[in-house]
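For reference, the structure is listed below as structure tokens.
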Amino acid sequence: MANRLAVAERLRATGRRARNSTFASLAVRDFRLLWFGLLILFGGSQIRMVASGYLAYDLTSSPLLLSFVAVGYAVPMLSLALIGGAVADRFDRRRLVQVAQAMFSVVALAVGLAIQFGEVTWVHLLGSSALQGMLWALLVPARQAMIPGLVGRRLTTNALSLMAAGFSLTTLVGPAVGGWLYGVFGPAVTYYVVAAMGIGAVWMTGRITTKYVPAVGGTQQAAIRQGLTYIRGQPDIVMLFVISVVYALVAMPFRLILPVFVVDLYQQGPEILGLLVTAMGVGSVGAAVVVANVGPGRRGLILIGGAIVASAAILVMSGLAVLWVGLACMLVLGIGDAIRKALNQAVMLEIADEEYHGRVASVFMISFGLVPLGALPAGALAEAFGGQVAGAIMGGFMLLVSLILLTNRRLQTLR
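In my numbering, the protein residues as written are 204 to 618.
Written out as structure tokens, the structure is:
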């Protein structure tokens, strides 16, 4: 109660105009610190992924081993997600975020030193990727669960949309910065920069004054069981989880077969692949900022509308092998993806009671960890039938699921 009163007092101090603006949540000091910490940490993560990919291929010349390093985070993330959610509800969330950020820096520093002394192997890179997944399983639920307590439920959608916009922004800028650092200064210095960015994030979030007083006792296993029981008793949360899983397994892996479109259909090189990914990122940033203005209303319909738009973009791109059409479709895909993702997380957390926010956020993170698993059937379809047919199957299935969900009365009335 005291925490919520403190939030209300901070919001009153920002003024009515600030609260109703697109960037309303950033008027709250503690959320602003969390948001900038996110930019620093995820910017470092994007740089790390670029450096890890280049270095893994330099060391092995093996696309297979490169793929292992690239998706090495998925298994530990999936395995530990529920544990991370329970931990976020049982301990000080701010401290958990700081610990995960500090460990992120330690791992990056260790890899940098291994490179510096000529000891690095692809196994080290795989291990660092797996550790990243473990840290994400701890960090993401704690960070997401902090947000309603920092800004209040009325600004939760706004805050999560700005978080999504910040993440999308790092995906636009981070890879380019990472490639420049790697090319000019080499992989060791690149990893040192990543480690320094993690420390910067620790410093930023360390200035947050709002504290979460845990209301969950008992053992870790009991907390997980209680969380799963609670979620099963919330039909709206279950429905939102199903939507996120379907999208993660079917639509999101479409991005991983983009090279097939670039090489086989457009007959272009890697610069066009980068342009397609950038177009999607631009759409994601723009849509996330727009969603920040979405207040209580028929958000269930808006959410599923985003999924329908994304599905239609995949279908059109698969049907018309024209480069400018592909660029436009990737822009639209980014818009639909951002709408669905931001509203899915926001509505989940608004529905849930505060003491379950960490465990609810961990459920959403599970769907994110499933993306590499969806890449396997996507790749198999593209291998067997070509990129256009694979894309058409993926987009068509997602569109069918979205239209079925559109008839769901519960989703229609979800606000």
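C-beta: ideal position from N, C-alpha, C; glycine also.
Just so we're clear, the structure is a prediction, and the values are computed from it rather than from any experiment.
Exercise. Pick helix, strand or coil for Arg356, following the three-state DSSP scheme.
Key: helix
Quiz item: What's the C-alpha gap between Met280 and Val290?
Solution: 14 Å
Exercise. Go ahead and pull the three-state DSSP assignment for Lys414.
Key: coil
Quiz item: Smallest Cα separation from Phe457: which of Ser605, Met533, Ile411, Ala398?
Solution: Met533
Quiz item: Just curious, the alpha helix (DSSP H) that Ile250 is in, first and last residue?
Solution: 232-263
Practice problem: Determine, using beta-carbon pairs with one atom in the region 224-239 and one in the region 350-357, whether at least three such pairs fall under 8 Å. | Solution: yes
Quiz item: Among Leu526, Leu603, Ala348, which has the Cα closest to the Cα of Met366?
Solution: Ala348
Practice problem: Report all residues from its chain with a CB closer than 6 Å to the CB of Ala333; omit the five preceding and five following residues, and keep chain order. | Solution: Gly275, Pro279
Quiz item: Taking the alpha carbon of Val272 as the point to measure from, which residue in Ser331, Ser308, Ile318 has its own alpha carbon closest?
Solution: Ser331
Quiz item: Of all the options Leu262, Asp467, Pro390, His560, which has the alpha carbon lying nearest to the alpha carbon of Gln319?
Solution: Pro390
Practice problem: Using alpha carbons as the reference points, say which of Gln548, Gly403, Val466 lies closest to Ala564. | Solution: Gln548
Practice problem: Taking only the alpha-carbon atoms, compute the straight-line gap between Tyr385 and Tyr260 and give it to the nearest angstrom. | Solution: 13 Å
Quiz item: Between which two residues does the alpha helix (DSSP H) carrying Leu452 extend?
Solution: 438-453
Quiz item: Does the pairing of the region 390-406 with the region 297-311 give three or more beta-carbon distances under 8 Å?
Solution: yes
Quiz item: What do you get for Trp383, buried or exposed, if any count of 16 or more other CB atoms within 10 angstroms of its CB means buried?
Solution: exposed
Quiz item: From which residue to which residue does the alpha helix (DSSP H) around Asp540 run?
Solution: 526-554
Quiz item: Tell me which same chain residues have a C-beta within less than 8 Å of the C-beta of Leu375, skipping the five on either side of it?
Solution: Thr481, Gly484, Val485, Val488
Quiz item: Between which two residues does the alpha helix (DSSP H) containing Pro279 stretch?
Solution: 277-293
Self-check item: Nonlocal neighbours in the same chain, by C-beta distance under 8 Å from Gly369, ignoring five residues either side
Solution: Trp238, Leu241, Leu242, Phe245
Practice problem: Alpha carbon to alpha carbon, how far is Val528 from Leu476? Give it in angstroms, no decimals. | Solution: 14 Å
Quiz item: What's the gap between the Cα of Ile507 and the Cα of Ala545?
Solution: 12 Å
Practice problem: Along the alpha helix (DSSP H) that carries Gln301, what are the first and last residues, could you check? | Solution: 296-319
Quiz item: Among the residues of its own chain, which have a CB less than 7 Å from the CB of Gly590, if the five just before and after it don't count?
Solution: Ile460, Val463, Phe464, Asp467, Leu468
Practice problem: Could you check the C-alpha separation between Leu443 and Leu526 for me, to the nearest Å? | Solution: 34 Å
Quiz item: Does the distance from the CB of Val453 to the CB of Met551 come in under 8 Å?
Solution: no
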